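In our numbering, the protein residues as written are 116 to 449. Beta carbons are placed, not taken as given, at the ideal position from N, Cα and C, and that holds for glycine. None of these values were measured; they are calculated from a predicted model. Data first, discussion second: the structure below is written as structure tokens.
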């Protein structure tokens, strides 16, 4: 595994045994690798004087590592885990309460009510369709429509290890919430949805089927569809479902017990600021969560930010139940 600007996982123990200066931070983040990590580290150093030392990896991997290190905490900040990961860290008592300066004006959907973490990106998980094959009137208007016979084998459901797949399946199941559980109709609907889906293809083969019209409906993260539609010359249109679109949001939080609390707070205040978020958004073509950052972003980002209504989901509820839901899909639905 490659760690940009800073350390490797195998070297973390060595790193953390060295003297840590007041202006340095160890940050666990899926965004550590490649150009993004370099950009964040360089801009943080320039703006705040903080020496950012990243530990990279997948979101699930870093989440599990933080849990494993709960009695010997190595990180100062966690950056880039999605809602379920951040709520899980909160439930395990790993996050420090802190309200950054940019929390003002941040929509409630993007902040923990106890100020354990705040979200900075919004990534819609959407329904799209090949507009040369399906008209707007023929396209589904709701996630629940995907069980209809008219859409049989016209879409596929991704693998359950995918964060994207777990998100939209959770969004479907959430519509059957009854108090602290799901009603029985949820599982009948999920079986119907799987029965209606086509066989999963991946990569070039999958997008060939989308282009040909064999699989004209796509459920995936918005940026992924944009990029693949452009690469394959497909005229995609997008659905704004009646119940809204589930949105994956990436968060930032301070690890409880860090000896660099003030430095961590300074970093969080800077990282989520409108100026930096807009610069980051414009460079990497992602949509910030904060309206002030969107306002400072380019016109393309502003358009993306208003394309979809956000589905109202209690992610804390989803976090408590998602593993059980996925297991139930594996055992009783697929």
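By the C-beta density criterion, residue 222 is exposed, having fewer than 16 other C-beta atoms within 10 angstroms. Under the three-state reduction of DSSP, residue 353 is assigned to strand. Counted as a single uninterrupted DSSP element, the alpha helix (DSSP H) harbouring residue 180 occupies residues 174-183.
DSSP places residue 348 outside both helix and strand once states are collapsed to three, so it counts as coil. By the C-beta criterion, the region 256-265 is judged to be in contact with the region 279-287, since at least 3 inter-stretch pairs fall below 8 Å.
Within the same chain, and ignoring the five residues on either side of residue 226 in sequence, the residues whose Cβ sits closer than 8 Å to its Cβ are 218, 232, 233, 234. Ranking 278, 403, 359, 427 by CA distance to the CA of residue 438 puts 278 first.
Rounded to whole angstroms, the gap between the alpha carbons of residue 174 and residue 252 is 38 Å.
Here the alpha carbons of residue 306 and residue 447 stand approximately 8 Å from one another.
Following the DSSP letters along the chain, one finds residue 393 inside the alpha helix (DSSP H) bounded by residues 389-399.
In this structure, the beta-carbon distance from residue 181 to residue 193 falls below 8 Å. Within the model, the alpha-carbon separation for residue 220 versus residue 385 is close to 16 Å. Boundaries of the alpha helix (DSSP H) harbouring residue 280: 278-289, taken from the DSSP string.
Only exposed fits residue 398, as fewer than 16 other CB atoms lie within 10 angstroms of its CB. Cα atoms of residue 315 and residue 376: separation of roughly 46 Å, rounded to the nearest angstrom. One thing to note: residue 199 has its Cβ within 8 Å of the Cβ of residue 433. Shortest Cα-Cα distance from residue 325 to any of 311, 144, 350 involves 350.
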